[in-house]
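Colleague: Handing you a structure now.
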Amino acid sequence: LRTTKDLQLVYKREPDATERSPKMWVDADFCPDYGDWADNYRSTTAWLAITNGTAISWNSVRQQRLAQSSTESEYYAAAEAVKEAARIRALHHDLGYRTGPITVYEDNQSCIKQAENPCDREAQKHIELRAHYLREQVHANKVKMIYVSTGEQIADGLSKNLPRLDFEKHRKSMGLILSL
Numbered sequence: 001l002r003t004t005k006d007l008q009l010v011y012k013r014e015p016d017a018t019e020r021s022p023k024m025w026v027d028a029d030f031c032p033d034y035g036d037w038a039d040n041y042r043s044t045t046a047w048l049a050i051t052n053g054t055a056i057s058w059n060s061v062r063q064q065r066l067a068q069s070s071t072e073s074e075y076y077a078a079a080e081a082v083k084e085a086a087r088i089r090a091l092h093h094d095l096g097y098r099t100g101p102i103t104v105y106e107d108n109q110s111c112i113k114q115a116e117n118p119c120d121r122e123a124q125k126h127i128e129l130r131a132h133y134l135r136e137q138v139h140a141n142k143v144k145m146i147y148v149s150t151g152e153q154i155a156d157g158l159s160k161n162l163p164r165l166d167f168e169k170h171r172k173s174m175g176l177i178l179s180l
């Protein structure tokens, strides 16, 4: 925290904007090699909502469920991000803004495929039902899943330890800048 005390989020105003659709960046760190014996195998969920180039909401937390694969871990993380996207969409609606489908940037192609097309139901039976809210939102065209390479995944800075240059790049993408 000592190295970030001079950083701030700067929100930009777009006075003529009638439509605002936040962009969600979501990532999961499957079975990280840190933690204690009780939670060492639980993945970390990280998501970040960005509007007008600045973070408006974010979260980084250990998953309550034990995921059996990186795809499942990413699916749980994306489901949590989409729940937040629904809250942000409702807030924007209350403020009088129109929102199109919210774009969710995901770096796991299998997760995207499962959200868009449940092709192998047998392989997905172990995924908790409430996580399928993600699929429901994708099929209702309220969410659009887009693949982004791992190197461009902004939420990586919230889910795992990164080399300094990568971390600083993602931090800048979140809208954190040096205060004057």
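Numbering (my numbering), first residue to last: 1 to 180. We put the beta carbon where it would ideally sit given N, CA and C, even for glycine. Keep in mind it's a predicted model, so treat the numbers as computed, not measured.
Along the chain, where does the beta strand (DSSP E) containing Ile-50 start, and where does it finish?
Modeller: Start and end: 44-51.
Colleague: Assign Ser-159 to buried or exposed, taking buried as 16 or more other Cβ atoms, counted over all protein chains shown, within 10 Å of its Cβ.
Modeller: Flag for Ser-159 reads buried.
Colleague: Looking at C-beta atoms only, is the number of pairs between the stretch 101-119 and the stretch 161-175 that lie closer than 8 Å three or more?
Modeller: Result no; under three Cβ-Cβ pairs closer than 8 Å.
Colleague: Could you tell me which residues DSSP puts in a beta bridge with Glu-74?
Modeller: Looking at the DSSP assignment, Glu-74 forms no beta bridge with any residue, so it has no partner.
Colleague: Quick check: what's the CA-CA separation for Ala-46 versus Tyr-11?
Modeller: Those two C-alpha atoms are separated by around 21 Å.
Colleague: Tell me whether Leu-134 sits in a helix, a strand or coil according to DSSP, three-state version.
Modeller: Residue state, collapsed to three classes: helix.
Colleague: Tell me which residues share the same chain as Leu-9 and place their Cβ nearer than 7 Å to its Cβ, disregarding the 5 neighbours each side in the sequence.
Modeller: Here the set comprises Thr-54, Ala-55, Gly-175 and Leu-176.
Colleague: Within a Cβ cutoff of 6 Å, which residues of the same chain sit near Ile-50, ignoring the five residues on either side of it in sequence?
Modeller: Correct list, in chain order: Lys-23.
Colleague: Using DSSP with H/G/I as helix, E/B as strand and the rest coil, what is Lys-83?
Modeller: DSSP places Lys-83 in helix when its eight states are reduced to three.
Colleague: Ile-154 to Asp-166, Cα distance in whole Å?
Modeller: So the alpha carbons of these two residues sit roughly 9 Å apart.
Colleague: Which residue marks the beginning of the alpha helix (DSSP H) containing Ser-173, and which one marks its end?
Modeller: Residues 164-173.
Colleague: In the structure shown, what three-state DSSP assignment does Asp-156 receive?
Modeller: Three-state result, Asp-156: helix.
Colleague: Any idea which residues DSSP pairs Asp-29 with across the strands?
Modeller: Note: Asp-29 sits in a beta bridge opposite Thr-44.
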